[in-house]
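Just below is one structure, and these are the notes that go with it.
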RNA sequence: GGAGAGGUGGCCGAGCGGCCGAAGGCGGUGGCUUGCUAAGCCACUGAGGGGAGGUAAUCCCCUCCGAGGGUUCGAAUCCCUCCCUCUCCGCCA
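In this note's numbering, the protein residues as written are 34 to 463.
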């Protein structure tokens with residue numbers, strides 16, 4: 034949610050923002066109309082309430098002196114019907130206005146390239162050498178099959194499609210990635226959080242996932258709870274309704290959670306392998322910052338995510354999303370895409386966004402300046418990283434002709450092996 | 001799941017039908033005192049919204065005491081529903 038001042042005083046900025054994002058502008062006229070009607074009714078109702086309050090005050094005075102107040106009571110009752118009707122209209126306009134306003138996306142930052150879709154995205158930098166293979170690199174699902182580290186049959190039988198069972202060194206690799214990501218970020222000053230994975234609707238409203246993305250999430254009707262689609266949700270709710278002293282900012286958090294997505298509307302896309310799953314693991318970075326620091330912190334967050342891929346030796350590129358490709362809440366987003374030679378394409382492993390005060394307004398998170406004034410904080414989120422895409426990149430980039438996979442150096446302490454070979458066996462157990 | 005207690009401002013904590021947006025304390029800000037520090041003294045210090053005024057200083061009004069309804073001329077205070085926290089019991093990883 035953005036500041037209404039954009040509608041009232043900076044209409045040109047707002048129009049420009051919607052145009053850049055490819056949103057229709059007609060919503061603004063409706064909003065302005067609703068806003069002025071709403072204000073009209075509020076003013077009228079407030080005046081009436083003031084009158085009633087005044088009468089009540091006088092009744093109180095008379096009663097205290099033991100005098101008769103019946104003529105005032107009669108007068109007060111005269112206002113009741115009028116006030117009741119005004120209240121209704123006030124509520125109605127208010128509801129309509131905020132409902133519409135909640136559909137207005139964030140204002141893109143001036144550094145964001147303008148364009149209709151991903152074709153206008155800009156590759157900011159590329160890191161690492163894309164390896165030349167003397168043989169045809171296999172896609173990860175073939176490698177996983179050869180190594181026996183992913184079990185599709187058991188998963189589909191117990192849970193359906195887009196679920197997988199990691200086995201042996203596959204399970205170990207997954208856990209190694211999670212631990213390595215967490216340990217690295219904690220070392221960079223992020224505080225580890227392990228939050229609830231089921232959350233109430235309010236939490237999703239605050240993060241901006243509701244009402245728009247209900248269909249994308251798993252919902253438990255009996256308890257009115259949702260499975261989180263990303264740890265961004267609980268992390269954005271960590272300080273809901275709070276006022277944070279300026280000197281405590283910035284706050285850095287990192288959380289590992291499983292993430293659950295229904296992937297409605299993506300039937301038939303990425304059906305092979307673990308590119309797109311209903312359940313996957315992700316280590317999420319999150320920051321609360323002062324408004325003046327958020328863009329610098331944004332850059333640092335991207336670097337924090339990149340550092341992991343550098344340490345793993347996975348080639349990647351950083352893409353600055355265009356106005357047409359950015360998410361609803363974001364003011365600026367970088368995607369980090371890893372190279373998957375078996376698939377022959379780049380895969381998004383991370384998305385790092387500065388949402389400025391967009392979520393802070395919804396979640397009502399403010400900071401207190403040294404002079405006592407309060408202001409909304411800025412919030413940033415980014416994957417650091419999503420494991421499946423990194424899992425894929427490791428298998429496909431470090432595969433050998435026989436299908437075995439060399440484990441990146443930094444993961445070896447977590448893995449206990451240098452190479453994943455068939456039969457995949459955990460050296461410490463069966 | 002059963003029984004009880006409670007949710008008040010940045011925090012703690014009074015108030016239980018009428019100038020209560022809310023005593024008191026802590027914290028914060030400004031000032032005074034002080035050789036410095038510590039202490040002390042004084043003042044200020046919640047949020048959201050609407051309006052007037054130069055999109056200023058400032059002023060007026062409305063709303064908010066977990067959320068939503070209700071009773072009443074009037075509710076933080078009474079009633080109902082929901083949410084949350086705590087204590088005890090039961091159950092359980």
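C-beta: ideal position from N, C-alpha, C; glycine also.
Which listed residue (the options) has its alpha carbon closest to that of residue i
| i | options | result |
| --- | --- | --- |
| residue 76 | 412, 177, 120, 318 | 120 |
| residue 250 | 203, 296, 127, 444 | 296 |
| residue 137 | 35, 374, 158, 43 | 35 |
| residue 310 | 105, 189, 81 | 189 |
| residue 272 | 149, 329, 412 | 412 |
| residue 291 | 179, 93, 211 | 211 |
| residue 198 | 284, 269, 313, 342 | 313 |
| residue 80 | 115, 60, 67 | 115 |
| residue 300 | 194, 37, 146, 410 | 194 |
| residue 107 | 98, 92, 117 | 92 |
| residue 467 | 373, 233, 304 | What is shown of the chain runs 34 to 463, which leaves residue 467 out entirely. |
| residue 283 | 306, 333, 303 | 333 |
| residue 288 | 214, 253, 324, 337 | 214 |
| residue 60 | 151, 132, 152 | 132 |
| residue 464 | 90, 117, 42, 68 | Coverage of the chain is limited to positions 34 through 463, which leaves residue 464 absent and any answer about it impossible. |
| residue 158 | 362, 353, 418 | 353 |
| residue 196 | 449, 307, 105 | 307 |
| residue 227 | 305, 318, 349, 281 | 318 |
| residue 122 | 82, 73, 342 | 73 |
| residue 390 | 376, 377, 362, 381 | 362 |
| residue 446 | 216, 149, 153, 103 | 216 |
Rounded separation between residue i and residue j - CA only
| i | j | result |
| --- | --- | --- |
| residue 463 | residue 192 | In this prediction, residue 463 scores a pLDDT of 44, lower than 50, which makes its location untrustworthy; the coordinate-derived value is nonetheless stated afterwards. Distance between the alpha carbons of residue 463 and residue 192: 26 Å. |
| residue 134 | residue 392 | 14 Å |
| residue 256 | residue 95 | 52 Å |
| residue 452 | residue 170 | 17 Å |
| residue 53 | residue 416 | 26 Å |
| residue 236 | residue 379 | 33 Å |
| residue 177 | residue 139 | 41 Å |
| residue 128 | residue 49 | 26 Å |
| residue 100 | residue 109 | 17 Å |
| residue 164 | residue 420 | 21 Å |
| residue 231 | residue 259 | 5 Å |
| residue 14 | residue 87 | Any answer about residue 14 is impossible in this case: the structure gives the chain only from 34 up to 463. |
| residue 57 | residue 40 | 15 Å |
| residue 286 | residue 269 | 10 Å |
| residue 65 | residue 409 | 24 Å |
| residue 437 | residue 455 | 7 Å |
| residue 38 | residue 265 | 27 Å |
| residue 155 | residue 221 | 28 Å |
| residue 357 | residue 245 | 18 Å |
| residue 46 | residue 328 | 20 Å |
| residue 355 | residue 325 | 23 Å |
| residue 418 | residue 141 | 24 Å |
| residue 175 | residue 68 | 58 Å |
| residue 443 | residue 304 | 31 Å |
| residue 151 | residue 340 | 25 Å |
Beta-carbon proximity of residue i to residue j, cut-off 8 Å
| i | j | result |
| --- | --- | --- |
| residue 386 | residue 430 | no |
| residue 262 | residue 242 | yes |
| residue 395 | residue 238 | yes |
| residue 181 | residue 347 | no |
| residue 400 | residue 276 | yes |
| residue 84 | residue 112 | yes |
| residue 320 | residue 144 | no |
| residue 404 | residue 383 | no |
| residue 427 | residue 441 | yes |
| residue 351 | residue 422 | no |
| residue 200 | residue 179 | no |
| residue 247 | residue 337 | no |
| residue 55 | residue 149 | yes |
Residues that DSSP places opposite residue i in a beta bridge
| i | result |
| --- | --- |
| residue 363 | Per DSSP, none; premise fails for residue 363. |
| residue 350 | 159, 370 |
| residue 15 | Coverage of the chain is limited to positions 34 through 463, which leaves residue 15 absent and any answer about it impossible. |
| residue 314 | 291 |
| residue 231 | 260 |
| residue 322 | 411 |
| residue 432 | 438 |
| residue 420 | Beta-bridge pairing links residue 420 to no other residue. |
| residue 453 | 438 |
Contact test: residue i Cβ vs the ligand COA heavy atom, cutoff 7 Å
| i | result |
| --- | --- |
| residue 92 | Looking at this structure, you won't find the ligand COA or any other ligand, since it has none at all. |
Beta strand (DSSP E) runs wholly inside the region 235-279, at least 3 long, in chain order | Look at the region 235-279 and you find these whole runs of beta strand (DSSP E), each 3 residues long or longer: 258-260, 276-278.
Mind pulling the alpha helix (DSSP H) runs of 4 or more residues that sit fully within the region 353-418?
-> 391-396, all fully within the region 353-418.
Going along the chain, which unbroken runs of the beta strand (DSSP E) with 3 or more residues stay wholly within the region 137-184?
-> If you keep only unbroken beta strand (DSSP E) runs of at least 3 residues inside the region 137-184, you get 155-160.
Alpha helix (DSSP H) segments (min. 4 residues) lying fully within the region 48-134 | Along the region 48-134, the alpha helix (DSSP H) occurs as fully enclosed runs of 4 or more residues at 59-97, 103-134, listed in sequence order.
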